[in-house]
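Participant: Take any residue in the sequence shown, count from 1 to its spot, add 1: that is its number in the working numbering.
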Amino acid sequence: MAKKVPQKHGGAVNRFEKGESGNPKGRPPKLLSTIVAELRSKGYERASAYNVVEAFETLMNVPEDVLSEMVKDKSSPMSLRIVGKAMLTAKGWEVLQAMIDRAHGRARQTIDVEVDRKQTRVIRPNAPKG
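(1) Flag this pair as yes or no: are the beta carbons of V96 and V84 separated by less than 9 Å?
(2) For M61, count neighbouring Cβ atoms within 10 angstroms of its own Cβ and tell me buried if that reaches 16, exposed if not.
(3) Is M100 buried or exposed, if buried means 16 or more other CB atoms sit within 10 Å of its CB?
(4) Please tell me whether N15 and G23 are closer than 9 Å, where the distance is taken between their beta carbons.
(5) In whole angstroms, what is the alpha-carbon distance linking S76 and V67?
(6) For N15, which of helix, strand or coil comes out of DSSP?
(7) Looking at the secondary structure, which residues open and close the beta strand (DSSP E) in which V54 lies?
(8) For a quick check, are the C-beta atoms of A56 and S80 less than 9 Å apart?
Right, dumping it as structure tokens:
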């Protein structure tokens, strides 16, 4: 329980015990479901994996001058602007590789391994009975 502590100016201040809150109910947290509902009501849709792949594949064919304009357009989706800006930097090739990996998966890499077959003995401690 909060204690009233008198002040020099004649008023009083509530001093709370350790672990006690002055705002017990507080502001309720904003749940993701609430945010999603708000965005949907404003007309924004979920970006499915197919849409992401399709956007990446299409971006790879956009000329530099068109991409520059898309990046500057504040009404373009933020994800498009971020990827477009990255493509226009010196690390554009790395961005393209990441986009291809995301769209089509990484190329399979194989490793040939030769192992001498020796008999090994595995010792396990006794498990406690219980």
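Yeah, the Cβ is synthetic: ideal placement off N, Cα and C, and Gly gets one too.
Facilitator: This is what the structure holds:
(1) Yes, these two residues count as a Cβ contact at 9 Å.
(2) Here M61 is exposed: its Cβ has fewer than 16 other Cβ atoms, across all protein chains shown, within 10 Å.
(3) Under this definition M100 is a buried residue.
(4) A contact, by the Cβ cut-off of 9 Å.
(5) Cα to Cα, S76 sits roughly 15 Å from V67.
(6) Reduced to three states, the DSSP call for N15 is strand.
(7) Segment 50–60 is the alpha helix (DSSP H) holding V54; no beta strand (DSSP E) there.
(8) Contact flag set, yes.
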